[in-house]
Amino acid sequence: MSTLAQNKNILDVAAVRKDFPILATQVHGKPLVYLDNAATAQKPRAVIDALTHFYETSNANIHRGVHALSEAATAQYEAVREQVREFIHAASPREIIFTRNATEALNLVAQSYGRAHLQPGDEILVSTMEHHSNLVPWQLIAAERGATVRAIPVHASGALDLSQLDTLLTKKTRIVAITMLSNVMGSITPIRELAARAHSVGAVLVVDAAQGVVHLPINVEQIGCDFLAFSSHKLYGPTGVGVLYGREKLLEAMPPFLGGGEMIDHVEITHSTWAQLPHKFEAGTPNIADVIAFGAALSYLQNIGMEKIRAYETSLTHYAVQQLSRIDGLTIYGPGLEDLRDAVIAFNLGGLHPHDVSQALDFDGIAIRAGHHCCQPLMRALGVVATNRASLAFYNTAAEIDFLVAALKKTKQFFGSAR
Amino acid sequence: MNDLNELYREVILDHYQYPRHKGTCTAPCVISEGKNPLCGDELTLYLTLDGETISDVTWNGHGCSICMASASMLAESVHGISIAAAKEKLQAVVDMMHGKGIPAELDLGDLPVLEGVKQFPVRIKCALLAWTTLQEGLNQHGNEQRNDTH
């Protein structure tokens, strides 16, 4: 109960919950308990309204029309680029590129930077716990360029096993691509240290911040990373918007990723020249309305205060891990109660298959994720085929955690002591 | 459907907790393997054939309760029947899961309890894994026989 009281002092959750219309939904006749935030977060009214407002008042294509609506749309779109720059403390808005999602941002780096810099025999270093989106793009470009993908192993605690870094990180390594926060175990990686280590062998560091940006403060200058990717939809913004941060000098030297309108300067039949950054990497009409609504998401979060949000999430995560670990037969994968960790919790319940567990919870209105979480190599390393995953947001409550715990106990009883 | 008991009928739980015909086969038999990469379910089916009759069936693997119960029910229902009759049951189960009607005269035993699964699109694959694996085994057997006659 002390946790409940403590949480209340950090953040007025009851007030916050009113900002998210979907949280009033019923599922199978029960109040929705949404604990699948690492897959996608729910959207506050401010974001939903921003989308409608844009289409009702300012809809036009950007960067081309010489008319009032186009100018208004362009100004709003570019204002969000500046907001994002400030949010991750980049040096210049030219370093902020809008993509469809974090996956596309990572593919951009692989296809543009990777193709230009990788030679046969070169190596790309990832980790065993990468999401497929920070693994498969590297496999594709490695196969094309004759390079090899290697992986830093992961301890059962969810921490990177850095004891082998000296052997894995060599003069052959051109790219180090690592997650900031595991989307399965909630473990946090030492990316500042990795940036320094990568640079010491002349490699660049690409950070997958899809989860990290939600839960950790990001200052790309302090981290010292060369590229960093995340998406809007996990940060309470709309789907269809991703962000790539890239160091300006690197982006300047890189060839375009996609060709088309907007990314050009001068076009002949046989050749073209490219637009300035960041437009060089934004071919075609971008997702204008959703980028603008993403700006509303960032404003909403900053109005509450990211530090407040993080403090609350840390406290709630601690409570969740504590309560879950008291369930007989429940195994939590990754960091323990006293380790550094964030609001993503992977677990299995006895020998029950995660699909059965999440199906049973669904009947109680509880949404969690079950499966391999786009991390098949990690599942193999953990020696499981799949896990359950509960991921928390600042609109979740201790009462919801209690409800989850009760539902898990009921599920265990229902399926008996099978397998 | 909003009740756990309607999806996980007692018969399903019983097959899950006490799987029938689970094990391997050391004698010569047709071995087929099925996988559902999305949830990591894996199944191996061993068919012992005596002419046109399935004289023995065993299976092994791991997966969710629906998948395991379906495999157990499959083994029970095709054990000792002809290949033709097994194919008829297979088609009926596939049709049932896709919402098509099944012939009233066909005796499917416990199998109709699986019908509730069709309301959960992601779980249909779980229920059908054993059956697609049976199809694979029977195809294999058919091909072998065709090759033998050439």
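Those sequence lines, one after another, are chains A and B.
Oh and the first sequence: position 52 is 56 in the working numbering, straight run, nothing missing.
Oh and the second sequence: position 136 is 137 in the working numbering, straight run, nothing missing.
The C-beta atom is built at its ideal place from N, Cα and C for all residues, glycine as well.
| Asked | Found |
| --- | --- |
| In this structure, does DSSP put Thr152 of chain A in helix, strand or coil? | strand |
| Measure the CB-CB distance between Ile156 of chain A and Ser131 of chain A and report whether it falls below 7 angstroms. | yes |
| Could you name the residues of the same chain whose beta carbon sits closer than 6 angstroms to that of Ile84 of chain B, not counting the 5 residues immediately before and after it, in chain order? | Glu53 |
| Kindly list, in the order they appear in chain B, the residues whose Cβ is closer than 9 angstroms to that of His430 of chain A. | Lying outside 5 to 423, the shown extent of chain A, residue 430 of chain A is not represented and no answer is given. |
| Counting only Cβ pairs nearer than 9 angstroms, list the residues of chain B close to Phe418 of chain A. | Leu5, Asn6, Tyr9, Leu14 |
| Which value, in whole angstroms, describes the spacing of the CA atoms of Leu75 of chain B and Gly62 of chain B? | 14 angstroms |
| For Glu145 of chain B, which three-state DSSP category applies? | helix |
| Below 8 angstroms on C-beta distance, what does Gly35 of chain B contact in chain A? | Here the premise fails: no neighbours, minimum Cβ distance about 14 angstroms. |
| List, in chain order, every chain B residue whose beta-carbon is nearer than 7 angstroms to that of His71 of chain A. | Under the 7 angstroms cutoff, chain B gives no residues; its nearest Cβ is about 46 angstroms from His71 of chain A. |
| Given that Ala390 of chain A touches chain B, what residues does it touch there, using C-beta distances under 7 angstroms? | Cys40, Gly41 |
| Classify Asn291 of chain A: buried if its beta carbon has 16 or more other beta carbons within 10 angstroms, exposed otherwise. | buried |
| Counting only the same chain and skipping the five closest in sequence on each side, list residues whose C-beta sits under 6 angstroms from that of Ile222 of chain A. | Ile92 |
| Closer than 8 angstroms by beta-carbon distance: list the chain B residues that pair up with His121 of chain A, in chain order. | Simply none; closest approach about 33 angstroms. |
| Kindly provide the ranges of any beta strand (DSSP E) runs that are 3 or more residues long and lie completely inside the region 118 to 179 of chain A, ordered along the chain. | 127 to 131, 152 to 156 |
| For a quick check, are the C-beta atoms of Leu115 of chain B and Leu44 of chain B less than 7 angstroms apart? | no |
| Per DSSP, which residues does Ser276 of chain A bridge with? Please list them. | A:Val271 |
| State the Cα-Cα distance for the pair Glu82 of chain A and Val245 of chain A, rounded to the nearest angstrom. | 14 angstroms |
| Tell me which residues share the same chain as Val205 of chain A and place their Cβ nearer than 8 angstroms to its Cβ, disregarding the 5 neighbours each side in the sequence. | Leu173, Thr174, Lys175, Thr177 |
| Mapping the DSSP letters down to three states, classify Phe418 of chain A as helix, strand or coil. | helix |
| Report the option in A:Val113, A:Ala76, A:Ala374 whose CA atom is closest to the CA atom of Asp212 of chain A. | A:Val113 |
| I'd like the span of the alpha helix (DSSP H) that includes Lys238 of chain A, first residue to last. | Taken as a continuous stretch (DSSP letters only), Lys238 of chain A belongs to no alpha helix (DSSP H), as it is neither H nor E. |
| Tell me which same chain residues have a C-beta within less than 6 angstroms of the C-beta of Asn37 of chain B, skipping the five on either side of it? | Lys126, Leu130 |
| Mind listing which residues of the region 60 to 88 of chain B have their C-beta closer than 9 angstroms to chain A's C-betas, in chain order? | His63, Gly64, Cys65, Ser66, Ile67, Cys68, Met69 |
| Going by DSSP in three states, Glu53 of chain B sits in which element: helix, strand or coil? | coil |
| By the criterion of Cβ-Cβ separation under 8 angstroms, what are the contact partners of Cys127 of chain B in chain A? | His359 |
| Starting from Arg21 of chain A, follow the beta strand (DSSP E) in both directions and report where the run begins and ends. | Element bounds for Arg21 of chain A: not the beta strand (DSSP E) but the alpha helix (DSSP H), 17 to 21. |
| Is the Cβ of Thr133 of chain B closer than 7 angstroms to any Cβ of chain A? | no |
| Using only alpha-carbon positions, find the residue among A:Tyr399, A:Gln123, A:Leu110 that is nearest to Leu139 of chain A. | A:Leu110 |
| Do three or more CB pairs link the region 405 to 416 of chain A to the region 95 to 108 of chain B at distances below 8 angstroms? | no |
| Taking 6 angstroms as the limit between beta carbons, can you name the residues of its chain near Lys284 of chain A, skipping five residues before and five after? | Pro260, Met267, Trp278 |
| Can you give the Cα-Cα distance for Glu108 of chain A and Arg149 of chain A, rounded to whole angstroms? | 20 angstroms |
| Here's a check: name, in chain order, each residue in its chain whose Cβ is nearer than 6 angstroms to the Cβ of Cys65 of chain B, leaving out the five neighbours to either side. | Cys127 |
| Judging by CA-CA distance, which residue of B:Arg147, B:Gly143, B:Leu135 is the nearest neighbour of Glu34 of chain B? | B:Leu135 |
| Looking at chain A, is there any beta carbon in it that lies within less than 7 angstroms of the beta carbon of Gln120 of chain B? | no |
| Would you mind giving the Cβ-Cβ distance between Asn400 of chain A and Ser362 of chain A, rounded to the nearest angstrom? I have them listed as a contact below 8 angstroms. | Actually they do not touch by this definition, with Cβ atoms about 17 angstroms apart. |
| Could you tell me the alpha carbon to alpha carbon distance between Val210 of chain A and Thr152 of chain A, rounded to whole angstroms? | 16 angstroms |
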